[in-house]
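Position in the sequence shown counted from 1, then plus 3, gives you my numbering.
Beta carbons are placed, not taken as given, at the ideal position from N, Cα and C, and that holds for glycine.
Quick notes on the structure that follows.
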Amino acid sequence: MTYSSWIEIDLGQLKKNIQIIRNILQGKLYCLPVKANAYGHGLIEVSKLAQKEGVDYLAVANLQEGIALRKANISIPILLLGAFYENQIKEIIDYDLEVTVSSQYKAQILADYCKANKKSCFAHLEVDTGMRRTGVREETAISLYNFVKDQKHFEIKGIYSHFALAENNSDPFTKAQIDSFERVLKAIKSDKPLIKHLANSAGIYNFKDSYFDMARPAAISFGCYREKIEKEFVGIKTCFSVKSRISYFKVVQEGMGISYGHQYITDKQTRIVTVPVGYGDGYRRSLSNISEVLINGKRYPIRGIICMDQFMVDIGEDSAYVGDEVVLIGKQKNEEISIQEIARLCNTVSYDILCSFNQRLPRIYINKEK
Ligand SMILES: *Cc1c(COP(=O)(O)O)cnc(C)c1O
4 MTYSSWIEID LGQLKKNIQI IRNILQGKLY CLPVKANAYG HGLIEVSKLA QKEGVDYLAV
64 ANLQEGIALR KANISIPILL LGAFYENQIK EIIDYDLEVT VSSQYKAQIL ADYCKANKKS
124 CFAHLEVDTG MRRTGVREET AISLYNFVKD QKHFEIKGIY SHFALAENNS DPFTKAQIDS
184 FERVLKAIKS DKPLIKHLAN SAGIYNFKDS YFDMARPAAI SFGCYREKIE KEFVGIKTCF
244 SVKSRISYFK VVQEGMGISY GHQYITDKQT RIVTVPVGYG DGYRRSLSNI SEVLINGKRY
304 PIRGIICMDQ FMVDIGEDSA YVGDEVVLIG KQKNEEISIQ EIARLCNTVS YDILCSFNQR
364 LPRIYINKEK
């Protein structure tokens with residue numbers, strides 16, 4: 004390996020996660036959202052594995068993610084979750100993407116385009132049961148459904164909604180969202196089966212009655228979730244590590260400032276190593292002086308401000324050499340720095356940390372099973 008720093012994705016573990024979730028879903032359809040570069044894991048590699056492992060659907064946030072998948076020869080259905088614009092309809096249809104219809108207006112422009120161009124496409128109706136992001140309200144869902152079912156220019160294939168508070172398993176609002184969704188399903192009299200879907204990851208582990216015909220768990224598919232795990236989830240693990248190698252070693256005397264602004268001053272003579280990763284790669288500057296890394300299976304503190312491309316680590320009186328592996332996120336021997344730990348230090352959620360790392364760090368795919 005010739006990189007100084009990289010992200011390691013364990014495809015063997017991802018495959019295991021997918022298999023476990025498929026078992027939990029017990030025959031319901033499995034839609035894997037792969038938006039935002041598959042939560043930082045790599046859009047194409049993850050989607051290829053998902054397709055091979057029998058995932059039924061992929062979901063993306065925007066048109067260009069969907070096009071990238073089709074250009075990589077992904078052939079399973081792809082649902083575009085985000086609202087579409089009129090000037091995107093041609094490509095949505097050309098690339099065989101399924102759209103979210105979230106208003107009467109969207110339904111109309113889609114119908115108009117299909118009629119004028121003698122094209123057809125699949126759509127999923129989105130109902131807003133409490134997220135208040137996109138989707139029609141419960142009261143208007145039925146009239147919109149009746150409108151779309153009666154026009155023959157595109158075909159309604161599914162109906163869905165999205166949870167806002169499902170992370171909290173005791174908040175009654177999620178139950179209210181499920182009830183609202185069920186009222187809509189009851190009220191629309193569909194003459195053909197629709198794919199009904201609601202659950203995200205939190206729905207999967209907190210609300211077993213929210214699976215309907217398909218679930219859309221992403222975070223948990225990537226081994227990323229906060230709740231205490233139940234038996235059936237054992238074996239699901241993260242498959243995302245961030246690694247680097249020591250690029251420089253030096254001894255620093257007592258009372259010396261380290262990095263920009265000298266925001267850390269050594270309190271004794273110590274050994275400082277430099278690691279070639281920084282906020283330019285997505286390792287947050289707010290982790291300066293507070294996070295740790297693993298070297299030789301041991302935790303060491305970051306000292307001073309994290310630079311764009313590098314940061315410094317205090318190894319005290321221990322030994323480490325240029326070229327030694329440094330783990331920023333992941334396991335080394337018996338120690339682990341989890342994504343959740345880094346997220347807590349940044350006052351954010353693990354999703355945000357996964358998406359922070361940009362394309363400057365190459366993704367290296369391994370398969371620990373082999
Ligand atoms: C992102 C997203 C998901 C996946 O959410 P997780 O919490 O990662 O499981 C599911 N559905 C919709 C509509 C989304 O936007």
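Beyond the five residues adjoining it in sequence on each side, THR273 comes within less than 7 Å, by CB distance, of VAL255, ASP317 and GLY319 in the same chain, given in chain order. Note: LEU46 is not bridge-paired with any residue in the DSSP secondary-structure output. The closest heavy atom of ligand 1 lies 7 Å or more from the beta carbon of ILE23. Runs of the beta strand (DSSP E) spanning 3 or more residues and lying entirely within the stretch 203-261 occur at 243-248 and 251-255, in chain order. Under the three-state reduction of DSSP output, LYS19 falls in the helix class. Here GLY285 carries a coil assignment [DSSP, helix/strand/coil].
A direct Cα-Cα distance of roughly 28 Å separates SER204 from LYS74.
Distance from the Cα of TYR324 is smallest, within the candidate group GLN111, ASN299, VAL151 and ILE268, for ASN299. Those residues whose C-beta sits under 5 Å from the nearest heavy atom of ligand 1 are, from N- to C-terminal order along the chain, PRO36, LEU84, HIS165, ASN203, SER204, ARG219, PRO220, ALA221 and ALA222. Listed in chain order, the non-local C-beta contacts of ASN20 below 6 Å within the same chain comprise SER224, GLY226 and ILE239, local neighbours out to five positions each way being set aside. Only residues of its own chain outside the window of five on either side were considered, and among them SER213, TYR214 and ALA218 have a CB closer than 6 Å to the CB of ALA202, listed in chain order. Only residues of its own chain outside the window of five on either side were considered, and among them ALA114, CYS117 and LYS118 have a CB closer than 6 Å to the CB of HIS156, listed in chain order. In the DSSP assignment, TYR33 falls within the unbroken beta strand (DSSP E) covering 32-36. It is roughly 5 Å from the alpha-carbon of THR277 to the alpha-carbon of TYR251. The C-beta distance from ASP59 to ILE79 rounds to 7 Å, short enough to fall under 8 Å. Ranked by Cα distance from ASN149, the first of LEU32, ASP194 and GLU338 is ASP194. Between the beta-carbon of SER353 and that of GLN343 there is about 5 Å, and that keeps the pair under the 8 Å contact cut.
Counted as a single uninterrupted DSSP element, the alpha helix (DSSP H) harbouring PHE150 occupies residues 141-153. Within its own chain, the residues whose Cβ lies closer than 6 Å to the Cβ of GLY161, once the five positions on either side in sequence are excluded, are HIS127, LEU197 and ILE198, listed in chain order. When only Cα atoms are considered, GLU89 and ILE340 end up about 45 Å apart. Here GLN29 is exposed. Its C-beta has fewer than 16 other C-beta atoms within 10 Å.
In terms of Cβ geometry, LYS246 and SER8 form a close pair [threshold 8 Å].
Of the residues assessed, ILE293 falls on the exposed side of the cut-off, its CB having fewer than 16 other CB atoms within 10 angstroms. Per DSSP, LEU128 lies in no alpha helix (DSSP H) segment; the continuous beta strand (DSSP E) that holds it begins and ends at 125-131.
The residue from ARG186, LEU14 and ILE345 with its alpha-carbon nearest to that of SER291 is ILE345. Residue pairing by DSSP places THR103 opposite HIS127 in a beta bridge. DSSP places LEU348 inside the alpha helix (DSSP H), whose first and last residues are 342-348. DSSP assignment within the stretch 155-201 yields the following whole beta strand (DSSP E) runs of 3 residues or more, N-terminal first: 158-163 and 198-200. For LEU66, no beta strand (DSSP E) segment is defined; the enclosing uninterrupted segment is the alpha helix (DSSP H) at 66-74.
Here SER7 carries a coil assignment [DSSP, helix/strand/coil].
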